[in-house]
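S.K.: Counting along the sequence shown from 1, when you hit position 55 you're at 1056 in this note's numbering, and nothing is skipped either side. Think of the CB as a built atom: it goes at the ideal place given N, C-alpha and C, for glycine as much as any other residue. Predicted model, so just to flag it, every value in this text is computed and none were measured. This is the structure I want to talk about, given as structure tokens.
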Amino acid sequence: MDDQRPLFIPVILGTARKGRASAAVAKLVVSQIAARAGVTTELIDIATVPMPVDDAGEGIKDSRFSGLMAAADGLVIVAPEYNHGYPGLLKHVLDSCLKEYIHKAVGIVGVSAGGFGGTRVIENLLPVMRELGLVTIFWDVNVSNARKVFDESGGLRDPALLQRIDKFLRELLWMSRTLRYGREKVAVDQ
1002 MDDQRPLFIP
1012 VILGTARKGR
1022 ASAAVAKLVV
1032 SQIAARAGVT
1042 TELIDIATVP
1052 MPVDDAGEGI
1062 KDSRFSGLMA
1072 AADGLVIVAP
1082 EYNHGYPGLL
1092 KHVLDSCLKE
1102 YIHKAVGIVG
1112 VSAGGFGGTR
1122 VIENLLPVMR
1132 ELGLVTIFWD
1142 VNVSNARKVF
1152 DESGGLRDPA
1162 LLQRIDKFLR
1172 ELLWMSRTLR
1182 YGREKVAVDQ
């Protein structure tokens, strides 16, 4: 493994709704990743990924999104909980790639306007991540009452969130390094 090459961990903002509270969460996660040595990141807002809705899978693959997924060593998905589930557009965008995800780490940040902190969106996304070939880490970040965690300008009101993100990122980065080593050095059929 090229130890000099930084890990690339993009953050996918998994909703296109106006006034989305999860945008502040995604920006905070990006800033926390960017502050770490040996890691680069980019915010991928699914609202900006051109996805036709009259086809699916490889038929709608966006070359930029696909290229970012292929280059990624791991992913963070920041997703709000919509009626006990995940946003349909997030699933539509994720399904446009397959081979790009194989044996890469993923961590999920669940966001909710209520008190459960996106627990149900995380529960619902876990089997999807497995089916896509991603390896889920065992820490999640739950952001409850998301509109109260940040002020009107996106400033963090709850510093305890930083500790939870730190623990989450330590696990994600370890798993991303380990899986990158495996993808580069260990044949699957051994």
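Please report the distance separating the alpha-carbon of residue 1023 from that of residue 1073.
M.R.: Reading the sequence shown from its first residue, position 22 is the one you call residue 1023. Reading the sequence shown from its first residue, position 72 is the one you call residue 1073. Cα to Cα, the separation comes out at about 22 Å.
S.K.: What are the partner residues of residue 1054, as DSSP defines its beta bridges?
M.R.: In the sequence shown, residue 1054 corresponds to position 53, counting from 1. DSSP, once it has assigned bridges, lists no residue as partnering residue 1054.
S.K.: How should residue 1174 be labelled, buried or exposed, when 16 other C-beta atoms within 10 angstroms of its C-beta is the threshold for buried?
M.R.: Looking up residue 1174 in the sequence shown gives position 173. So residue 1174 ends up on the buried side.
S.K.: Within the same chain, show all residues whose beta-carbon is closer than 6 Å to that of residue 1081, passing over the 5 residues directly before and after it, in chain order.
M.R.: For the purposes of this step, residue 1081 is taken as the residue at position 80 of the sequence shown. Same-chain partners within the cutoff: 1016, 1023, 1112.
S.K.: Rounding to the nearest angstrom, what Cα-Cα distance links residue 1049 and residue 1065 in this structure?
M.R.: The residue given as residue 1049 occupies position 48 in the sequence shown. The residue given as residue 1065 occupies position 64 in the sequence shown. If you take the alpha carbons of residue 1049 and residue 1065, they lie about 11 Å apart.
S.K.: Please state if the CB of residue 1010 and the CB of residue 1090 are separated by a distance shorter than 8 Å.
M.R.: The residue you call residue 1090 lines up with position 89 of the sequence shown. The residue you call residue 1010 lines up with position 9 of the sequence shown. The answer is no: Cβ separation not under 8 Å.
S.K.: From the DSSP output, in three-state form, read off residue 1027 for me.
M.R.: Looking up residue 1027 in the sequence shown gives position 26. Reduced to three states, the DSSP call for residue 1027 is helix.
S.K.: With burial defined as no fewer than 16 other Cβ atoms inside 10 Å of the residue's Cβ, what is the status of residue 1141: buried or exposed?
M.R.: As a working mapping, residue 1141 is identified with position 140 in the sequence shown. So residue 1141 ends up on the buried side.
S.K.: Whose C-alpha, out of 1108, 1101, 1098, is nearest the C-alpha of residue 1167?
M.R.: Numbered from 1 along the sequence shown, position 166 holds the residue referred to as residue 1167. Looking at the Cα atoms, 1108 is the closest of the given residues.
S.K.: Rank 1069, 1006, 1027 by C-alpha distance to the C-alpha of residue 1039 and give the top, closest one.
M.R.: As a working note, residue 1039 is residue 38 in the sequence shown. Residue 1039 has its Cα closest to that of 1006, out of 1069, 1006, 1027.
S.K.: Please report how far the alpha carbon of residue 982 lies from the alpha carbon of residue 1056, in whole angstroms.
M.R.: Nothing about residue 982 can be read from this structure; the chain reaches only from 1002 to 1191.
S.K.: Taking only three categories from DSSP, how would you classify residue 1066?
M.R.: Within the sequence shown, the letter at position 65 stands for residue 1066. Here residue 1066 sits in helix by DSSP.
S.K.: Run the CB neighbour count on residue 1133, radius 10 Å, all protein chains shown included, and call it buried at 16 or more, exposed below.
M.R.: Within the sequence shown, the letter at position 132 stands for residue 1133. Answer is buried; the Cβ neighbour count reaches 16.
S.K.: Based on Cα-Cα distance, which residue from 1019, 1147, 1070 lies nearest to residue 1008?
M.R.: Start at 1 with the first residue of the sequence shown, and residue 1008 comes out as number 7. Ranking 1019, 1147, 1070 by Cα distance to residue 1008 puts 1070 first.
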